[in-house]
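Enquirer: In the working numbering, the protein residues as written are 27 to 451.
Quick one: this structure, given as structure tokens, is what I'll be asking you about.
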Ligand code: GUN
Ligand code: FE
């Protein structure tokens, strides 16, 4: 049945402009797609539709998290005293090894999915672990919740403890099993090819991942140019390559199918040109870059160059799962970058909102806007407790982004369906 929702509607079709419609209507068809947004509802529009009036609340697109590690959830907010490579060895790999245990995985993964829901993130690109069974479990939990996710069984077979290293053939068998169960064109939850990063994968593993992505036309996600020691290590491992990005490209893992690269803090020159040419998308993770002391990614430059960019929490390099807060961090980091480099304007609120909604949503399909044909992923925000003076609608949204949290989110929709609180046990 057709549904119509009334509220104050705010969204971004383009990065430099907010659509703000007071007391307006969004219509959603039986497939969960937006058919239109209007300020006046004609009698004929509502004839065979169910109309819900959200009164003085704000209705906005739901959040998308383009980079997050589900099995690092226990480590959220701890272990922030090292840079990337020792941080992985000392804190991250030991935690991920625990996911061989399905009981542990279920306890943690239920919490993780629940908390994405809590903060209004209806779609996520997720790293799991090497373990096929707990990855399958995570995918089923997303299905059970009704939320969208691209979930990656992690491919890794070097520079890690034995318990986190898996031979190439076993990894590929694991992928085939997950593909068989989940790789359906219109499904909300699908697998994504996920080589951890070049230092974790032998050339044979990288090649097998590239071939797998090509065989099933599957998307790819990994990490790129996050940390200076990491980049130096990649140079020694991939001597033929002219850049870190070029190394992925040689294995068919750099835009041959839709590709998402987390961080890109130190991306420039040839690597940036290659990303542009191949349409590789950036997952910008500002909190992670602060915590693991990686640096400041040149997001304004990426936008000027026409690169696609979205935001990621990168738990547990990042400590905050809330993508609204990620907009704030992205703006703040870009202000520091601007002051250090004196050339580029910092990110605006409109741009940050667009990055988290329409731009990031593009990796999942037509997601992140209320234009006709977009899947209706939305949040209803009751900001009564923050709205104590004559604020404009845009100021109300800005205050929610800076000051609000899950307490103000009253309803969440993914692809037209209201998503209720997922079970945690
Ligand atoms: N590079 C390879 N693995 C990881 C990870 O788990 N987190 C971050 N931030 N970077 C990585
Ligand atoms: Fe990461």
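Glycine is no exception: its CB is placed at the ideal position from the N, C-alpha and C atoms.
1) Using the rule of at least 16 other Cβ atoms within 10 Å of the residue's Cβ for burial, across every protein chain shown, is residue 188 buried or exposed?
2) Please find out if some non-hydrogen atom of the ligand GUN comes closer than 7 Å to the beta-carbon of residue 293.
3) In chain order, which continuous runs of the alpha helix (DSSP H) of length 4 or greater are located wholly inside the region 159-222?
4) If we ignore side chains and look at the alpha-carbon of each, how far apart do residue 295 and residue 51 end up?
5) Within 10 angstroms of the Cβ of residue 127, are there 16 or more other Cβ atoms? Answer buried if so, exposed if not.
6) Look up residue 361 in the DSSP assignment and give the residues it is bridged to.
7) Using a Cβ-based criterion (distance less than 7 Å to any ligand heavy atom), does residue 114 qualify as near the ligand GUN?
8) Does DSSP put residue 423 in a helix, a strand or coil?
9) Quick one: any contact between the region 235-249 and the region 201-211, if contact means 3 or more CB pairs under 8 Å?
10) Pick helix, strand or coil for residue 347, following the three-state DSSP scheme.
11) Which residue wins for smallest C-alpha separation from residue 412, given the options 395, 402 and 430?
12) Near residue 459, what residues of its chain come up, given a Cβ to Cβ distance below 8 Å and the 5 sequence neighbours on each side ignored?
13) To the nearest angstrom, how far is it from the Cα of residue 72 to the Cα of residue 323?
14) One question on the structure: do residue 307 and residue 336 come within less than 8 Å of each other, judged by their Cβ atoms?
15) With burial defined as no fewer than 16 other Cβ atoms inside 10 Å of the residue's Cβ, what is the status of residue 362: buried or exposed?
16) Given a cut-off of 8 Å, decide if residue 54 and residue 390 are closer than it, judged by their beta-carbon atoms.
17) Using a threshold of 7 Å, is the CB atom of residue 105 nearer than that to any non-hydrogen atom of the ligand FE?
18) Quick one: measure Cβ to Cβ for residue 111 and residue 256, integer angstroms, because I've assumed they're closer than 8 Å.
19) Could you tell me which residues DSSP puts in a beta bridge with residue 46?
20) By Cβ distance below 8 Å, which residues in the same chain neighbour residue 133 in space, the five residues on each side in sequence not counted?
21) Does the region 343-361 touch the region 310-317, meaning 3 or more C-beta pairs lie closer than 8 Å?
22) Less than 8 Å separating the beta-carbons of residue 48 and residue 419?
23) Using 10 angstroms around the beta-carbon of residue 185, count the other beta-carbons present and answer buried if the total reaches 16, otherwise exposed.
24) Which residue from 217, 408 and 119 puts its Cα closest to that of residue 433?
25) Go ahead and pull the three-state DSSP assignment for residue 124.
Expert: This is what the structure gives:
1) Position 162 of the chain shown, counted from the first residue, corresponds to residue 188. Its Cβ having fewer than 16 others within 10 Å, residue 188 is exposed.
2) Along the chain shown, read from residue 1 onward, the residue named residue 293 stands at position 267. It does not: the Cβ of residue 293 is nowhere closer than 7 Å to a heavy atom of the ligand GUN.
3) 194-208
4) In the chain shown, the residue the question calls residue 295 occupies position 269. In the chain shown, the residue the question calls residue 51 occupies position 25. Cα-Cα distance, rounded: 46 Å.
5) To locate residue 127, count along the chain shown from 1; it is residue 101. Exposed.
6) For the purposes of this step, residue 361 is taken as the residue at position 335 of the chain shown. In the DSSP output, where bridge partners are listed per residue, residue 361 has none listed.
7) Here residue 114 corresponds to residue number 88 of the chain shown, with the count starting at 1. Yes, the Cβ of residue 114 comes within 7 Å of a heavy atom of the ligand GUN.
8) Residue numbering aside, residue 423 sits at position 397 when the chain shown is read from its first letter. DSSP places residue 423 in helix when its eight states are reduced to three.
9) yes
10) Numbered from its first residue, the chain shown carries residue 347 at position 321. If DSSP states are grouped into helix, strand and coil, residue 347 belongs with coil.
11) Residue mapping note: residue 412 aligns to position 386 of the chain shown, counting from 1. It is 430.
12) Beyond the ends of the chain as shown, which are 27 and 451, falls residue 459; an answer cannot be given.
13) Along the chain shown, read from residue 1 onward, the residue named residue 72 stands at position 46. Along the chain shown, read from residue 1 onward, the residue named residue 323 stands at position 297. Roughly 47 Å separates the two Cα atoms.
14) In the chain shown, residue 307 corresponds to position 281, counting from 1. In the chain shown, residue 336 corresponds to position 310, counting from 1. Closer than 8 Å, so yes.
15) Start at 1 with the first residue of the chain shown, and residue 362 comes out as number 336. Residue 362 is exposed by the Cβ-count criterion.
16) Counting from one through the chain shown, the residue named residue 390 turns up at place 364. Counting from one through the chain shown, the residue named residue 54 turns up at place 28. No. Outside cutoff.
17) Counting from 1 along the chain shown, the entry for residue 105 is found at position 79. Residue 105 Cβ: outside cutoff for every heavy atom of the ligand FE.
18) As a working mapping, residue 111 is identified with position 85 in the chain shown. As a working mapping, residue 256 is identified with position 230 in the chain shown. Confirmed, Cβ separation roughly 6 Å.
19) Reading the chain shown from its first residue, position 20 is the one you call residue 46. Looking at the DSSP assignment, residue 46 forms a beta bridge with 36.
20) For this step, residue 133 is matched to residue 107 along the chain shown. These residues qualify, in order along the chain: 451.
21) yes
22) If you number the chain shown from 1, residue 48 lands on position 22. If you number the chain shown from 1, residue 419 lands on position 393. Yes, Cβ-Cβ distance for residue 48 and residue 419 is below 8 Å.
23) As a working note, residue 185 is residue 159 in the chain shown. Classification of residue 185: buried, given that the 10 Å Cβ count is 16 or more.
24) Position 407 of the chain shown, counting from 1, holds the residue named residue 433. Comparing Cα positions, the closest option is 408.
25) Translated into positions along the chain shown, residue 124 becomes position 98. The answer is helix: DSSP assigns residue 124 an H, G or I state.
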